[in-house]
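In the order they appear, the protein sequences are chains S and P. Just so it is clear: in the first sequence, position 191 is 1386 by the working numbering, and no numbers are missing. Just so it is clear: in the second sequence, position 63 is 71 by the working numbering, and no numbers are missing. We put the CB at the ideal spot given by N, CA and C, even for glycine.
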Amino acid sequence: MSFIATQQRWDTFLAKIRDRFYEVLNKTETVLPLLFEATDFETITFQNAWQGIYSQASDLIYKIENTWFDKVERAFLDLDIDYDTSRFIQERNKGFQLQHELQQELKSYEVRIFADAAKNLVSQAKETLSKDFCCTQCQAKLPIRDNFFRSHYTTCDYCQTVNTFEPGTKARNVEHFAINALGEEAALEHYLKYEHLKFQNYLSDRDIFSKDELIIPYRKYIETYLKKRIEVIPDYEERYEKDLSAKMSFIIDYS
Amino acid sequence: MTDKTNKDQNKEKSLLDDILGNAISSTNKFDEATAGLETKKCKSCGAARPSDTDLQYCDFCGNQFY
């Protein structure tokens, strides 16, 4: 087979992967929000369904790398095109570029679909918490905050009875589910930039961007994520510095 | 060609249905808590717990809460 014919087969394969990837994601875009509403904002079912779709999309992405190393690389080498030639590198990078592009797209899609579900959940929770809650002893109205999603004691100003307030499963899920999704949405652009710089290093097989340069977008990502979290639940403010340093240690100490 | 497209669409539909079906059927269902209030009351005298007291003894009759 000639170089042109091999190249065309490789290009066709990459185009098919791209089409199939977007086809999978487009089909699920309308279905997942419907599932979330149909299960009355049940987050575990939503996450399990997403996991299935994510696996399908990830399998497609990794098929690029696997096909290159299993078959395509050999096909080009058999045409006497060496590893270090520009033609070989160009063909290999085409696959890696698409793989990176689809990974970034999958991350953006995941963040968007989770953030949309999260906004829905937060508005449901706020609606519940804005209702009137009365003291179990004297029926006086109790002040319930609409930005605190855990069970807590609240004392009645009239009869001094201690009431235990239970916010309910939906409101609790704001903390377990929604807050992360909203933080990820706010910080997405910095995360994508960090991944893009890392990819440039991988593609050129050397550190074009130093560790210090990589830390800049990663730090912005973490800071934006944590600040968004505080915006939704102000109580997180007091542990901001601790969380920032814990999350930064991931890249400072382990990469 | 049309048959192939229809076949692909059916396969696609069934894949999505399978994923969603599995997610619904394999997820454990737990009772959902609803928003509300409750008050710890003494089993002996029925008094509610006033503020600035702990959960050890009833402030009115001294009976142990737990």
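Residue i, buried or exposed, once every other Cβ within 10 Å from all chains shown has been counted against 16
i: S:Q1202; result: buried
i: S:I1248; result: buried
i: S:G1290; result: buried
i: S:Y1353; result: exposed
i: S:I1403; result: exposed
i: S:H1385; result: buried
i: S:E1237; result: buried
i: S:A1382; result: buried
i: S:R1282; result: exposed
i: S:T1225; result: exposed
i: S:E1260; result: exposed
i: S:Q1334; result: exposed
i: S:R1269; result: exposed
i: S:K1326; result: exposed
i: S:I1447; result: exposed
i: P:N63; result: A quick correction: the sequence has Leu, not Asn, at residue 63 of chain P. Counting Cβ neighbours within 10 Å, P:L63 comes out exposed, since fewer than 16 surround it.
i: S:L1297; result: buried
Chain S within 7 angstroms of residue i, Cβ atoms only
i: P:M9; result: Its pLDDT being 41, under 50, P:M9 is placed unreliably by the model, and the measurement read from it follows with that caveat. Chain S, which has no Cβ nearer than 7 angstroms to the Cβ of P:M9, makes this no.
i: P:G54; result: no
i: P:S33; result: no
i: P:G44; result: yes
i: P:S75; result: Nothing about residue 75 of chain P can be read from this structure; chain P reaches only from 9 to 74.
DSSP beta-bridge partners of residue i
i: P:Q72; result: P:Y65
i: S:P1412; result: The partner list for S:P1412 (beta bridge, DSSP) is empty, contrary to what the question assumes.
i: P:K49; result: P:A56
i: S:N1358; result: S:T1349
i: S:C1329; result: S:K1336
i: P:G44; result: S:E1361
Cα-Cα separation, residue i to residue j
i: S:L1272; j: S:Y1278; result: 8 angstroms
i: S:A1373; j: S:A1200; result: 50 angstroms
i: P:A55; j: P:F68; result: 7 angstroms
i: S:K1321; j: S:D1341; result: 6 angstroms
i: P:S22; j: S:D1407; result: 48 angstroms
i: P:P58; j: S:P1338; result: 17 angstroms
i: S:S1405; j: S:R1414; result: 14 angstroms
i: S:H1371; j: S:I1428; result: 12 angstroms
i: S:G1378; j: S:T1350; result: 32 angstroms
i: S:R1307; j: P:A43; result: 28 angstroms
i: S:W1205; j: S:W1263; result: 9 angstroms
i: S:A1244; j: P:K49; result: 43 angstroms
i: S:E1305; j: P:N36; result: 23 angstroms
C-beta neighbour in chain P for residue i, strict 7 angstroms
i: S:I1248; result: yes
i: S:A1376; result: no
i: S:K1336; result: no
i: S:V1369; result: no
i: S:N1453; result: No answer is possible for residue 1453 of chain S: it lies beyond the span of chain S, which begins at 1196 and ends at 1450.
i: S:Q1332; result: yes
i: S:A1244; result: yes
i: S:I1256; result: no
i: S:E1305; result: no
i: S:F1231; result: no
i: S:G1290; result: no
i: S:F1264; result: no
i: S:F1198; result: no
Sub-7 angstroms separation of residue i and residue j beta-carbons
i: S:I1256; j: S:Q1294; result: yes
i: S:A1366; j: S:F1344; result: yes
i: P:E46; j: S:T1359; result: yes
i: S:Y1389; j: S:P1412; result: yes
i: S:L1409; j: S:L1392; result: yes
i: S:T1240; j: P:I32; result: yes
i: S:T1356; j: S:C1330; result: yes
Cβ of residue i within 7 angstroms of any chain C Cβ
i: P:L63; result: Checking the listed chains, one finds no chain C in this structure; the protein chains it contains are S and P.
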